[in-house]
Structure formats: structure tokens, C-alpha cells
Amino acid sequence: MKLSVIMPVYNRERYVVSALRSLVRQQDAADLDIIVIDDGSTDGSPEAVRSMMAENPCIRLFRQENMGVTRARNAGLRLLTPETELVSFLDSDDVSPAGRFKADIACFDADPALELTYSLMMMVEHIDDDLLEPCPGSHFMTVRGIHLSSGIFSRKLIERIGGFDEAFGQAEDTDYLLRTFESGPRFVLPDTVSLYYRRHPGNMTKQVDTSLREFLRAIHKSMKRRKADPSLRGIEGIFDVKELANWRFM
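The opening position of the sequence shown corresponds to residue 7 in this note's numbering, with each subsequent residue numbered one higher.
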């Protein structure tokens with residue numbers, strides 16, 4: 007199957023090569039198409055991406071003026087190829103574990119009507135960028151969190167949900183996932199670890215007040231949608247929100 011992975015990048019020169027390496031090592035699992043959207047980086051991020059492209063033609067780089075992660079994700083969706091059957095996401099400072107795509111794409115092979123796999127995420131304090139694995143002794147927590155990279159979406163589902171809401175500066179992923187599950191897709195919840203979420207000082211979620219405000223706004227919009235349209239599905243029991251509240255490593 008052709009799997010397109012959308013990766014927004016903004017000033018991630020330090021991490022983006024590791025993120026890309028973690029994807030290209032899984033080319034045995036799918037016909038990979040890695041769409042990198044550089045959102046006006048002012049560091050060496052574009053050059054770092056180009057350093058990977060010569061030996062990995064599955065990577066495509068597109069640059070735009072800085073417009074924020076939400077518009078970068080939408081730019082990636084517009085660049086899907088006609089052949090793309092599955093879509094996923096990876097942030098440019100995270101790592102996709104070895105074997106993740108092979109494990110979850112098998113679910114689509116087993117059920118042609120499947121529209122979504124939504125797997126676990128591991129929040130990690132330190133990652134070895136050579137081995138692309140958590141460092142020995144690093145604090146970590148594995149949960150079914152709220153993260154786009156946990157999902158592999160069928161092309162049909164992506165087209166039904168539409169784009170990201172550009173009114174969000176953050177929590178656009180929360181809003182997107184809520185809209186996805188509200189639509190009642192055929193999905194499974196594998197116990198695959200879908201990503202290593204790297205905790206570092208530059209995480210957008212460290213902007214606590216903004217993150218909380220945008221997260222609550224996404225929840226409020228979901229409540230309003232479901233009140234207006236009772237046919238929309240509830241999302242209770244999918245995300246381990248209580249466990250996420252216990253994250254205290256950094």
C-alpha cells in the first residue's frame with residue numbers, strides 16, 4: 007500500500023534527520039511517500055532534509071512562508087498523490103518506532119473496510135538519535151494519548167473529515183481527532199507503540215496556558231457539534247487523558 011506521511015518542520019535542524027531516518031527504515035512495510043512541509047524555518051532545517059533526499063527519493067520537500075503548523079498540515083494534505091491509500095503524520099522532533107507501520111498496516115490488509123488504526127504513544131525524556139530508541143534509564147510513559155502520529159488513516163476517511171481547522175494555533179490535532187472519531191469510522195486500537203514523543207524545552211505543549219486554552223476550545227467545539235447533531239459518536243474511552251495528567255518528567 008502507498009502510505010503518505012506528512013511532517014511539518016519549523017526550526018528543527020537538531021531533530022528532523024532522526025525523524026526522517028525513523029521513517030525511511032520502514033520502507034519494507036509500505037510504499038512510503040514522506041511529505042515534508044518546511045514552514046519558513048530560519049535555521050538549517052531545509053538543508054538537513056535535503057541531506058536525506060539524495061538517497062531517499064521517497065522524501066519530498068516543500069517550503070512556505072511561516073504560517074503555523076495547522077496550515078502546514080493542510081499544505082501536506084493538498085500534496086497527497088492520487089495513488090496514496092493510507093495517510094499518517096509524524097512531527098519533526100519525534101521518532102517512529104521500528105516495525106510500527108508493518109504491524110498496523112497488517113490491520114488494513116486483514117480488513118479492507120477498515121478506516122483507521124489508532125495506537126499507543128510513548129512519551130520519552132531522552133532518545134538516542136543514533137539508535138532511534140529511548141535512552142537506557144530514560145523516564146517514559148506509554149499511553150493511548152491524543153496525537154496524530156498514533157493514527158493511520160484511510161484515504162477515504164481523510165477525504166471525509168476534510169482539512170485542519172486553521173482557526174487553531176494549537177490543538178488543531180485534538181480537534182481533528184475528535185472530528186474523526188465523531189464521524190463513526192471503522193477503527194481498531196492496536197497495542198503497537200506508534201511513536202516516541204520526545205520531551206524537550208522546545209515542545210509547543212510547554213506553552214501551558216495557550217495549550218490548555220486551545221485544548222479546551224477543541225473539547226468545547228466537540229460538545230457543541232454533538233449537541234447540534236446527536237448522530238455524531240461520543241469519544242469516551244479512546245484517550246487515556248487521566249494518565250496523561252500524570253506526566254511529570256520535565
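Positions of the beta carbon are idealized from the N, C-alpha and C atoms, including for glycine.
For clarity, every value in this text was computed on a predicted model and none was experimentally measured.
Which residue from the options puts its Cα closest to that of residue i?
{"i": "A109", "options": "Y202, A36, S237 and P63", "result": "A36"}
{"i": "I167", "options": "V93, I43 and E71", "result": "V93"}
{"i": "Q176", "options": "Q70, V75, Q33 and L67", "result": "V75"}
{"i": "M58", "options": "F68, V149, S47 and V22", "result": "V22"}
{"i": "D34", "options": "R185, A81 and G105", "result": "G105"}
{"i": "E71", "options": "L29, E91, E89 and N17", "result": "N17"}
{"i": "D181", "options": "P14, K227 and E91", "result": "K227"}
{"i": "P52", "options": "E178, D246 and F68", "result": "F68"}
{"i": "L29", "options": "F170, P63 and E89", "result": "P63"}
{"i": "I41", "options": "R20, T48, G50 and P14", "result": "P14"}
{"i": "M261", "options": "L184, S160 and G243", "result": "Given that the chain is displayed from residue 7 to residue 256, the structure contains no residue 261 and the question cannot be resolved."}
{"i": "T216", "options": "K162, R77, D136 and E178", "result": "E178"}
{"i": "I244", "options": "R77, M73, I152 and F114", "result": "I152"}
{"i": "I111", "options": "D246, G50 and Q32", "result": "Q32"}
{"i": "L183", "options": "D197, D134, I133 and E242", "result": "E242"}
Quick one: measure Cβ to Cβ for residue i and residue j, integer angstroms, because I've assumed they're closer than 8 Å.
{"i": "R223", "j": "E188", "result": "Contact flag wrong, Cβ pair sits at about 16 Å."}
{"i": "L9", "j": "D39", "result": "7 Å"}
{"i": "F95", "j": "I12", "result": "5 Å"}
{"i": "S98", "j": "A25", "result": "5 Å"}
{"i": "L195", "j": "R150", "result": "7 Å"}
{"i": "R79", "j": "F170", "result": "5 Å"}
{"i": "I164", "j": "L238", "result": "18 Å between Cβ atoms; not a contact."}
{"i": "A60", "j": "E19", "result": "Not quite, the Cβ-Cβ distance comes to about 18 Å (not below 8 Å), so this is no contact."}
Checking the sheet assignment: what are the DSSP bridge partners for residue i?
{"i": "V199", "result": "L126"}
{"i": "V149", "result": "M127"}
{"i": "S94", "result": "V11"}
{"i": "F114", "result": "In the DSSP output, where bridge partners are listed per residue, F114 has none listed."}
{"i": "D134", "result": "E139"}
{"i": "V101", "result": "Y202"}
With DSSP run on the structure shown, which of helix, strand or coil describes residue i?
{"i": "M7", "result": "coil"}
{"i": "E19", "result": "coil"}
{"i": "F170", "result": "coil"}
{"i": "S160", "result": "strand"}
{"i": "L183", "result": "helix"}
{"i": "D44", "result": "strand"}
{"i": "F245", "result": "coil"}
{"i": "M13", "result": "strand"}
{"i": "P140", "result": "strand"}
{"i": "R192", "result": "coil"}
{"i": "D215", "result": "helix"}
{"i": "L154", "result": "helix"}
{"i": "E204", "result": "It is worth fixing the name first, because residue 204 is Arg in this sequence and not Glu. Correct three-state label for R204: strand."}
{"i": "L86", "result": "coil"}
{"i": "R31", "result": "coil"}
{"i": "R66", "result": "strand"}
{"i": "L222", "result": "helix"}
{"i": "L38", "result": "strand"}
- Query: Does the region 178-193 come within contact of the region 111-130, defined as at least 3 CB pairs closer than 8 Å?
  - Reply: yes
- Message: When you compare the region 126-133 with the region 193-205, are there three or more beta-carbon pairs, one atom per stretch, that lie closer than 8 Å?
- Response: yes
- Query: Per the contact definition of three or more C-beta pairs closer than 8 Å, is the region 133-146 in contact with the region 154-163?
  - Reply: no
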